[in-house]
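Structure first, commentary second.
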Amino acid sequence: MADTSKQTAAMLKRMSPKLAESATKMVFHQNPDLAKRYRDAGKEKCLQDTSYHLSYLIEAVACDSDALFSDYVLWAQQVLATRQLPVQDFHANLIALKEAVAQNLPIDQYVRVANHLNGALQLLEQNNNIRYVTTEAPLEPVAQQYLELLLSGQRAAATELILEQVNQGVTVKEIYLKVFQPVQHKIGRLWQTNKISVAQEHFCTAITQSIMSQLYPLIFGTERNGQKLIATCVSGDMHELGVRMVCDFFEMEGWDTYYLGANVPVTAIISAIRDQKPDLVLLSATMTFHVPAVKDTIKAIKETKGLEQVKILVGGYPFNTEKNLWKEVGANGYGTNAQEALQVAQNLLAQEK
Numbered sequence: 012m013a014d015t016s017k018q019t020a021a022m023l024k025r026m027s028p029k030l031a032e033s034a035t036k037m038v039f040h041q042n043p044d045l046a047k048r049y050r051d052a053g054k055e056k057c058l059q060d061t062s063y064h065l066s067y068l069i070e071a072v073a074c075d076s077d078a079l080f081s082d083y084v085l086w087a088q089q090v091l092a093t094r095q096l097p098v099q100d101f102h103a104n105l106i107a108l109k110e111a112v113a114q115n116l117p118i119d120q121y122v123r124v125a126n127h128l129n130g131a132l133q134l135l136e137q138n139n140n141i142r143y144v145t146t147e148a149p150l151e152p153v154a155q156q157y158l159e160l161l162l163s164g165q166r167a168a169a170t171e172l173i174l175e176q177v178n179q180g181v182t183v184k185e186i187y188l189k190v191f192q193p194v195q196h197k198i199g200r201l202w203q204t205n206k207i208s209v210a211q212e213h214f215c216t217a218i219t220q221s222i223m224s225q226l227y228p229l230i231f232g233t234e235r236n237g238q239k240l241i242a243t244c245v246s247g248d249m250h251e252l253g254v255r256m257v258c259d260f261f262e263m264e265g266w267d268t269y270y271l272g273a274n275v276p277v278t279a280i281i282s283a284i285r286d287q288k289p290d291l292v293l294l295s296a297t298m299t300f301h302v303p304a305v306k307d308t309i310k311a312i313k314e315t316k317g318l319e320q321v322k323i324l325v326g327g328y329p330f331n332t333e334k335n336l337w338k339e340v341g342a343n344g345y346g347t348n349a350q351e352a353l354q355v356a357q358n359l360l361a362q363e364k
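For the record, in the sequence shown the residue sitting at position 200 is 211 according to the numbering used here, with numbers rising by one throughout.
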């Protein structure tokens, strides 16, 4: 079954441009009102959106995971709803995509893809039963105050608030887990529900990164334990804040860490592993369509002479959505957050002793 899923995903990927174009033409032909509402610019945007839907569908099929595509569909539905775009248009787009797949793939592969699309369509049809906003615990007072300062653009006041908390005895770990992490999740949710712009989201993230840098004297002052970590975002992934926080957690436990940054090519990662000889490598992926890059990177590392036994930990949103995905990409383990990643790492190294 796994081989069939991968073969189907490979076929989808090869035919992705053709499928996206075919589905776009089909949805506008079947729904004449779309052309009136969105015009030519709307057709181009629809083509881009369809390609985006396909990128998630391909990975869901490759991993034989209903969760990956269903999670994306719910996310996309909420994004559209909060921007006053009819969910019916999304539904029509997926129906056209399903028809395009039926016309271009062999029947056995079509059935496999259709199962994922049917599940997504069913979710959209059950529109009234879907929670548009995930119920979240209220932010703690400090986190709430920090969020409000970020959203109002008060960089200095936000920085002062965090540094004051540290001076009063709050640990950096607590700041990361109880302030930075929930606030970043909240900021992402605010963008998703169209409450803030992309520019505001980036501004808030930049302030948090700046404050993290100011906390480094406390982080790097921990006594070393002789263990070494290399951490990075895989090629194509520009979302670095989460993996930086994980890296800092390892530093606070006495590890020597080498953070390579975002969007790092495989060759550079392998070169760093050879030079630094780490006890552990941490690879991060934020979007589902970055998962192949994680798998390819792990494969390349494991096939490099002398690096076959390197322990590799993965993390990021796709791995939290599909709990067994870390096994699919060939990793040795994964963590849902910084604290868990550290614990998993310690368990992996303990097994070698």
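Even for Gly, the Cβ is constructed at its ideal location relative to N, Cα and C.
Quantities reported herein were computed from a predicted structural model and do not represent experimental measurements.
Grab me the residues of residue i's own chain with a C-beta within less than 6 angstroms of its C-beta, minus the 5 sequence neighbours each way, in chain order.
i      : result
Leu45  : Phe39
Thr233 : Met263, Gly265
Asn42  : Ala103
Val257 : Ala349, Ala352
Ser295 : Cys244, Val254, Gly326, Gly327
With a CB to CB cut of under 8 angstroms and the five nearest residues on each side skipped, what residues in its chain are close to residue i?
i      : result
Gly199 : Glu212
Leu116 : Thr19, Met22, Leu23, Met26, Val124
Thr278 : none
What does the alpha-carbon distance come out to for the pair residue i and residue j?
i      : j      : result
Trp266 : Gly327 : 21 angstroms
Met22  : Gln156 : 50 angstroms
Glu377 : Thr15  : Lying outside 12 to 364, the shown extent of the chain, residue 377 is not represented and no answer is given.
Gln59  : Ala52  : 11 angstroms
Ala361 : Gly237 : 14 angstroms
Ala92  : Gln133 : 17 angstroms
Asn178 : Ala169 : 14 angstroms
Lys197 : Leu79  : 21 angstroms
Met249 : Gln99  : 32 angstroms
Is it right to say residue i is buried, meaning 16 or more other beta carbons lie within 10 angstroms of its own, or is it exposed?
i      : result
Lys29  : exposed
Gln357 : exposed
Tyr227 : exposed
Val183 : buried
Pro303 : buried
Met223 : buried
Asn129 : exposed
Gly164 : exposed
Looking at residue i: is its Cβ nearer than 8 angstroms to the Cβ of residue j?
i      : j      : result
Asn205 : Ser246 : no
Asp259 : Ile241 : no
Phe300 : Ser66  : yes
Gly346 : Lys306 : no
Pro289 : Lys239 : yes
Gln203 : Trp86  : yes
Leu172 : Leu160 : yes
Leu293 : Leu318 : no
Who are the near neighbours of residue i in its chain, counting only those whose CB is closer than 7 angstroms to its CB and skipping five residues on each side?
i     : result
Thr61 : Ala31, Ala34, Thr35, Asn104, Leu108
Ala73 : Ser16, Lys17, Ala20
Is residue i near the ligand ZN, in the sense that its beta carbon is under 7 angstroms from a heavy atom of that ligand?
i      : result
Gln362 : This structure lacks the ligand ZN; in fact it carries no ligand of any kind.
Could you tell me which whole alpha helix (DSSP H) segments of length 4 or greater appear in the region 204–274? Listed in chain order, the complete alpha helix (DSSP H) runs (minimum 4 residues) inside the region 204–274 are 209–225, 227–230, 252–263.
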